[in-house]
Amino acid sequence: MRKILFSCLLAICTIATFAQSQGRQVAAVRTNTPIKIDGEVNDDAWKNSPSVTSFTEWRPSFKNAESSQTKTDMYILYDDAGIYVGGICRETGRDSISTELVGRDVIGVNDFVGVMFDTYLDEINGFGFYVTALGEQYDAKYSLGNEDGSWNSVWQSATKINHNGWTFEMLIPYSAIRFSKEKIQTWGINFIRKRNKAGKQFVWNPIDPNKFGLLNQAGTFTNIENIKSPIRLSFSPYLATYIDHNANATSNKWKSSVNGGMDVKYGISKAFTLDMTLIPDFGQVQSDNLVLNLSPFEVKYNENRTFFNEGTELFNKGNLFYSRRIGGQPLHYYDFKAKLDPTEYVVKNPTETKLLNATKISGRTAGGLGIGIFNAITKPQYAVVQGKEEREIETNPLTNYSVIVFDQTLKNNSSVTLVNTNVMRSGNDYDANVTAALWDVYDKKIDWNFWGKLGSSQLSGYKAPGKTFGGYTYNLNIGKFKGPFNFSAYRNLVDNKYQQNDLGYFTNNNYIEYGFWTGYKITRPKSFYNNLFFNASGNFTQRFIPRAYQSLFVNANINGQLKNLWNVGIITNMRAQQNDFYEPRTAGKVFKNPSSWMKGFWFGTNRAKKYSAGVDLYWLTSSKYNASGLDLSLRNQYRFNDKLTISMNNLLGFSKNNAGYAFVSNDRDSIIFGLRNRHTVENIFNVKYNFNNKMGLTLRARHYWSKVAYRSFFKLLNDGELEPVASVNKSADNNVNYFNVDMVYTWQFAQGSFINIAFKSAANVFNQNVTDSYYQNLSNTVGTPQQNSFSVKIIYYLDYLTLKNKG
422 MRKILFSCLL AICTIATFAQ SQGRQVAAVR TNTPIKIDGE VNDDAWKNSP
472 SVTSFTEWRP SFKNAESSQT KTDMYILYDD AGIYVGGICR ETGRDSISTE
522 LVGRDVIGVN DFVGVMFDTY LDEINGFGFY VTALGEQYDA KYSLGNEDGS
572 WNSVWQSATK INHNGWTFEM LIPYSAIRFS KEKIQTWGIN FIRKRNKAGK
622 QFVWNPIDPN KFGLLNQAGT FTNIENIKSP IRLSFSPYLA TYIDHNANAT
672 SNKWKSSVNG GMDVKYGISK AFTLDMTLIP DFGQVQSDNL VLNLSPFEVK
722 YNENRTFFNE GTELFNKGNL FYSRRIGGQP LHYYDFKAKL DPTEYVVKNP
772 TETKLLNATK ISGRTAGGLG IGIFNAITKP QYAVVQGKEE REIETNPLTN
822 YSVIVFDQTL KNNSSVTLVN TNVMRSGNDY DANVTAALWD VYDKKIDWNF
872 WGKLGSSQLS GYKAPGKTFG GYTYNLNIGK FKGPFNFSAY RNLVDNKYQQ
922 NDLGYFTNNN YIEYGFWTGY KITRPKSFYN NLFFNASGNF TQRFIPRAYQ
972 SLFVNANING QLKNLWNVGI ITNMRAQQND FYEPRTAGKV FKNPSSWMKG
1022 FWFGTNRAKK YSAGVDLYWL TSSKYNASGL DLSLRNQYRF NDKLTISMNN
1072 LLGFSKNNAG YAFVSNDRDS IIFGLRNRHT VENIFNVKYN FNNKMGLTLR
1122 ARHYWSKVAY RSFFKLLNDG ELEPVASVNK SADNNVNYFN VDMVYTWQFA
1172 QGSFINIAFK SAANVFNQNV TDSYYQNLSN TVGTPQQNSF SVKIIYYLDY
1222 LTLKNKG
């Protein structure tokens, strides 16, 4: 396996050849005159700045020139502190500017401007800094065409709105970006402006939608001389206090606690940064959207913890890192009960492990080598049981999680990557290691692309002490992404022993998949539309060992934007009868899942309007068992003014005669399937009120209800067919409700410093008594004993240089 990895990497490095982007240039000008960041653009220093003008339309109509009434002028300077960007965004009037206070790192419907830097000129990795007309900031990291908006840095900006447009100023300190040690440097650069009500986006250096990539279509910022990265050291200590009320507790319903910890950022060098969180506290993160899961696979939830979202683009290479594993459900959350005596019962069984600390080191050398090192440690977790005396049983050992990434950029937007993830557990529990080599290679014209992955996994002590359980996987892909017609084809293989679930998200192994995707895009506005995209895809899968047919799937859709800035689309797909080896939940068994046909459409109105809405409607039919299904999603939002916005999202799901796993017979001799009717309703109500661009209040209330009623039962036969059985088992029915309220007040009282006040409430109802009325379910859930939490958290940002200068 190692020889194969080495040979592939050597071949890929040989393939890549040089191609330097040709674009517009702006010469760097150093200023010695101070600039006050107040949004006025009237400091004397700006008179010596090169003018960045003649923006061209990027979307929807490529290469159209700006109107003289909405012309954009930007300026750029630098000094020993950082890069200054200022500008004038002309408009036909104040009403033409789209504004909404939405908080940091959210764009909403705002007009905005920004700048993108490719500081290593590798045409792959970069930084983006944007400011809205109301002065709210958004920053991001770029890797090829991917934008990571969770990345945050500390920089200054200010804006002013006037009767004929708005102006802005930004100071991006060198501590916010990474760059090489060269005395004279050239960076990639592009400037962006979005006019939301007009639905237009403009760029300084043209970005052709028929070409692949963003940073490879940037201009250049030349002759940057003698800049130095400052000492990048900052501390963000926090203090949090909680008052929790658990109405379900038999005693001690009220609890209070005080927590403290710290986040540390340190610039190890110009290129590399250490991020560390010590005794972290995640009690104020948004509640998960819990659902009733009837599938054989784990539900993948979003990561809401900032530390695990920010600056993780290197660690996410190859999709081997699922950060929710860290601090997630204990390894023996369920199976520890086998250790109980008949007289014992569970008093407490925590659903999450406690994170002690986590550290990230990441950066990129002048030669384009990106290095990422991640490490986290969780403390042992115990369940408390009561018998003759109270005792603890370990449900999760002391565990160390680590990720190491080496990512070498090559010419022509290409790269090769080596990723290793490792989980080490104390005691007798098994350890897990996954290694993968990735490649992403383009030809000289950035037209054809060949990419893929070779990976292997090793579980030490998984089957037996001292034994290693190993498997492998690979993905091979080839595609064409330049011009209006694009396509890709792929082959994926995962053997029957490969496993990456200990630190990654992974549903199943033991399959071979062949697939294709093809698309045609019309990016030039015509009669009734701004753009149109035609796509078709399909895949065919087989079981790897023993080789057998699994599934065949084809899909087609048309989507685009209309002249009134509505987004619309239609879709259809067909799935042939499957040999489903996963739904039976038993190795060696198969279920012949009937063929199905799905049709649907969606549309969304212009979000820059005060009222906007969206509808998604999909319906599915299957001739066998007379099965059918319908999913309807509704989105409504009303923006009363720049400060107050209310939205409501509704999901309605209906399925009839859906065939699926129900239970194992009492004698453990048969797998029982059932035909079930399912009805799901999810309502999410959001209120956002921002007092100004530093202070806001959000309220999010979610109620989820799903009921499942089985109509008839069947025995799964050895050939995968179903045989009716005379069984009535109401315990297989489900009636599940989740109700959550998250209300958070946030005040950024200084740069990087926040006061957060949060109230959270949760109520859950699980039973087999199917209740048909939605309002009865809502009333029962709201009326059930709830878990409430009130917390205050203060985060104070301390910058070493600021402290040093004050001293």
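Residues 422 to 1228 in this note's numbering are what the sequence shown lists, from first letter to last.
The beta-carbon is built from N, C-alpha and C at its ideal position, and this holds for glycine as well.
Item to check | Whole-number beta carbon distance between aspartate 828 and glycine 791, since they are thought to touch under 8 angstroms | outcome: Against the sequence shown, residue 791 aligns to sequence position 370. Against the sequence shown, residue 828 aligns to sequence position 407. Contact holds; Cβ gap of about 4 angstroms.
Checklist entry - Given a threshold of 16 other Cβ atoms within 10 Å of its Cβ, counted over all protein chains shown, does tryptophan 467 qualify as buried or as exposed? => result Indexing the sequence shown from 1 puts residue 467 at position 46. With 16 or more other Cβ atoms within 10 Å, it is buried.
Checklist entry - Can we say the segment 631 to 638 touches the segment 537 to 557, given the rule of at least three CB pairs closer than 8 angstroms? => result yes
Next on the checklist: In whole angstroms, give me the CA-to-CA distance for asparagine 485 and aspartate 629.
Outcome noted: By one-based count along the sequence shown, residue 485 stands at place 64. By one-based count along the sequence shown, residue 629 stands at place 208. When rounded, the distance between both Cα atoms is 12 angstroms.
Checklist entry - DSSP state of serine 442, grouped into three classes? => result As a first step, residue 442 is located in the sequence shown; it is residue number 21 there, counting from the start. With a pLDDT of only 45 at serine 442, under the threshold of 50, the placement of this residue in the model should not be trusted; the figure read from the coordinates follows. When DSSP states are grouped into helix, strand and coil, serine 442 belongs to the coil group.
Item to check | CB-CB length for leucine 522 against glutamate 557, believed under 8 angstroms | outcome: Within the sequence shown, residue 522 is the residue found at index 101, counting from 1. Within the sequence shown, residue 557 is the residue found at index 136, counting from 1. Indeed, because the Cβ distance is near 7 angstroms, the residues count as touching under 8 angstroms.
Checklist entry - Which whole-angstrom value describes the C-beta separation of asparagine 1078 and tyrosine 1046, a residue pair presumed to lie in contact below a C-beta threshold of 8 angstroms? => result For the purposes of this step, residue 1078 is taken as residue 657 along the sequence shown, with counting starting at 1. For the purposes of this step, residue 1046 is taken as residue 625 along the sequence shown, with counting starting at 1. Indeed, because the Cβ distance is near 5 angstroms, the residues count as touching under 8 angstroms.
Checklist entry - When the Cα atoms are used, what is the spatial distance from serine 1076 to phenylalanine 961? => result Reading the sequence shown from its first residue, position 655 is the one you call residue 1076. Reading the sequence shown from its first residue, position 540 is the one you call residue 961. Going by the C-alpha atoms only, they are around 26 angstroms apart.
Next on the checklist: Less than 7 angstroms between C-beta atoms, sequence neighbours within five positions excluded: which residues of the same chain meet that for leucine 1073?
Outcome noted: For this step, residue 1073 is matched to residue 652 along the sequence shown. Taking leucine 1073 as the centre and dropping the five residues before and after it, the same chain places the C-beta of Leu1053, Val1102 closer than 7 angstroms to its C-beta, in chain order.
Checklist entry - Where does serine 1033 fall in DSSP's three states? => result Along the sequence shown, read from residue 1 onward, the residue named residue 1033 stands at position 612. Looking at serine 1033 - three-state DSSP - the assignment turns out to be strand.
Item to check | Validate contact between the segment 927 to 947 and the segment 910 to 919 using beta carbons, cut 8 angstroms, 3 pairs | outcome: yes
Next on the checklist: Rounded to whole angstroms, what is the Cα-Cα separation between glycine 503 and asparagine 585?
Outcome noted: Here residue 503 corresponds to residue number 82 of the sequence shown, with the count starting at 1. Here residue 585 corresponds to residue number 164 of the sequence shown, with the count starting at 1. Distance between the alpha carbons of glycine 503 and asparagine 585 is about 30 angstroms.
Item to check | Secondary structure of lysine 1214, DSSP reduced to three states | outcome: Here the question's residue 1214 lines up with position 793 in the sequence shown. If DSSP states are grouped into helix, strand and coil, lysine 1214 belongs with the strands.
Checklist entry - Bridge partners of alanine 1130, per DSSP? => result As a working mapping, residue 1130 is identified with position 709 in the sequence shown. For alanine 1130, the beta-bridge partners assigned by DSSP are Asn1098.
Checklist entry - Between aspartate 560 and phenylalanine 550, is the Cβ-Cβ spacing less than 9 angstroms? => result In the sequence shown, residue 560 corresponds to position 139, counting from 1. In the sequence shown, residue 550 corresponds to position 129, counting from 1. Contact flag set, yes.
Checklist entry - Quick one: is glutamate 603 buried, meaning 16 or more other Cβ sit within 10 Å of its Cβ, or exposed? => result The count along the sequence shown starts at 1 and reaches residue 603 at position 182. The Cβ neighbour count for glutamate 603, taken over all protein chains shown within 10 Å, is under 16; the residue is labelled exposed.
Next on the checklist: What residue range does the alpha helix (DSSP H) around asparagine 730 cover?
Outcome noted: Your numbering for residue 730 matches position 309 in the sequence shown. Run containing asparagine 730: 727 to 730, per the alpha helix (DSSP H) assignment.
Checklist entry - In three-state DSSP terms, what is isoleucine 700? => result Mapped onto the sequence shown, residue 700 falls at position 279. Coil.
Next on the checklist: Let me make sure I understand the geometry here. Which of Ala1171, Tyr1131, Thr580 has the alpha-carbon closest to that of methionine 1116?
Outcome noted: Here the question's residue 1116 lines up with position 695 in the sequence shown. Among Ala1171, Tyr1131, Thr580, the Cα nearest to that of methionine 1116 belongs to Ala1171.
Checklist entry - Between which two residues does the beta strand (DSSP E) carrying serine 972 extend? => result The residue given as residue 972 occupies position 551 in the sequence shown. That run of the beta strand (DSSP E) goes 969 to 983.
Next on the checklist: If you reduce the DSSP assignment to three classes, tell me which class arginine 785 lands in.
Outcome noted: For the purposes of this step, residue 785 is taken as residue 364 along the sequence shown, with counting starting at 1. Arginine 785 falls in the strand class under three-state DSSP.
Checklist entry - What are the boundary residues of the beta strand (DSSP E) that includes asparagine 644? => result What you label residue 644 is simply residue 223 of the sequence shown in a count that begins at 1. Looking at the DSSP string, the run of the beta strand (DSSP E) that includes asparagine 644 is 640 to 646.
Next on the checklist: So, for valine 806: in the same chain, excluding its five sequence neighbours on each side, which residues have a beta-carbon less than 7 angstroms away from its beta-carbon?
Outcome noted: To locate residue 806, count along the sequence shown from 1; it is residue 385. Within the same chain, Cβ atoms closer than 7 angstroms to the Cβ of valine 806 are found at Leu761, Glu765, Tyr766, Val767, Val768, Arg812, Ile814, the five residues on either side in sequence being excluded.
Item to check | C-beta atoms of glycine 508 and valine 462 nearer than 9 angstroms | outcome: To locate residue 508, count along the sequence shown from 1; it is residue 87. To locate residue 462, count along the sequence shown from 1; it is residue 41. In contact: glycine 508 and valine 462 (Cβ atoms closer than 9 angstroms).
Checklist entry - lysine 615 by DSSP, collapsed to three states: which one? => result Here residue 615 refers to the residue found at position 194 of the sequence shown. Reduced to three states, the DSSP call for lysine 615 is strand.
Checklist entry - Under 9 angstroms, do tyrosine 1131 and aspartate 1154 count as touching if we go by C-beta distance? => result As a first step, residue 1131 is located in the sequence shown; it is residue number 710 there, counting from the start. As a first step, residue 1154 is located in the sequence shown; it is residue number 733 there, counting from the start. Aspartate 1154 sits close to tyrosine 1131, with the two beta carbons spaced by under 9 angstroms.
Checklist entry - Which value, in whole angstroms, describes the spacing of the CA atoms of isoleucine 1105 and alanine 1122? => result To locate residue 1105, count along the sequence shown from 1; it is residue 684. To locate residue 1122, count along the sequence shown from 1; it is residue 701. Whole-angstrom Cα-Cα distance: 6 angstroms.
Item to check | Helix, strand or coil at tyrosine 1046 according to DSSP, with G and I counted as helix | outcome: Stepping through the sequence shown from its first residue, residue 1046 is reached at position 625. Three-state DSSP puts tyrosine 1046 in a helix.
Item to check | Continuous alpha helix (DSSP H) stretch holding leucine 1199: start and end | outcome: In the sequence shown, the residue the question calls residue 1199 occupies position 778. Start and end: 1195 to 1204.
Item to check | DSSP bridge partner residues for lysine 581 (one or two, in chain order) | outcome: Looking up residue 581 in the sequence shown gives position 160. Answer is Thr588.
Checklist entry - Can asparagine 669 and proline 1145 be called in contact, C-beta distance under 9 angstroms? => result The sequence position of residue 669 within the sequence shown is 248, counting from 1. The sequence position of residue 1145 within the sequence shown is 724, counting from 1. Contact flag unset, no.
Checklist entry - What do you get for glutamine 441, buried or exposed, if any count of 16 or more other CB atoms within 10 angstroms of its CB means buried? => result Within the sequence shown, numbered from 1, the residue matching residue 441 stands at position 20. Low confidence applies here, because glutamine 441 scores a pLDDT of 41, under 50, leaving its location unreliable; read the following figure in that light. So glutamine 441 ends up on the exposed side.
Checklist entry - Would threonine 838 pass as a contact of leucine 859 if the rule is Cβ separation under 9 angstroms? => result The residue labelled residue 838 in the question sits at position 417 within the sequence shown. The residue labelled residue 859 in the question sits at position 438 within the sequence shown. At the C-beta level, threonine 838 and leucine 859 come within 9 angstroms of one another.
Checklist entry - Would a C-beta distance cut-off of 9 angstroms place valine 473 and tryptophan 625 closer than the cut-off? => result Residue mapping note: residue 473 aligns to position 52 of the sequence shown, counting from 1. Residue mapping note: residue 625 aligns to position 204 of the sequence shown, counting from 1. Result yes, Cβ atoms of valine 473 and tryptophan 625 sit closer than 9 angstroms.
Checklist entry - Is the Cβ-Cβ distance between asparagine 778 and isoleucine 700 less than 9 angstroms? => result Here residue 778 corresponds to residue number 357 of the sequence shown, with the count starting at 1. Here residue 700 corresponds to residue number 279 of the sequence shown, with the count starting at 1. Going by C-beta atoms, asparagine 778 is nearer than 9 angstroms to isoleucine 700.
Checklist entry - Do the segment 654 to 661 and the segment 1218 to 1225 meet, that is, are 3 or more Cβ pairs less than 8 angstroms apart? => result yes
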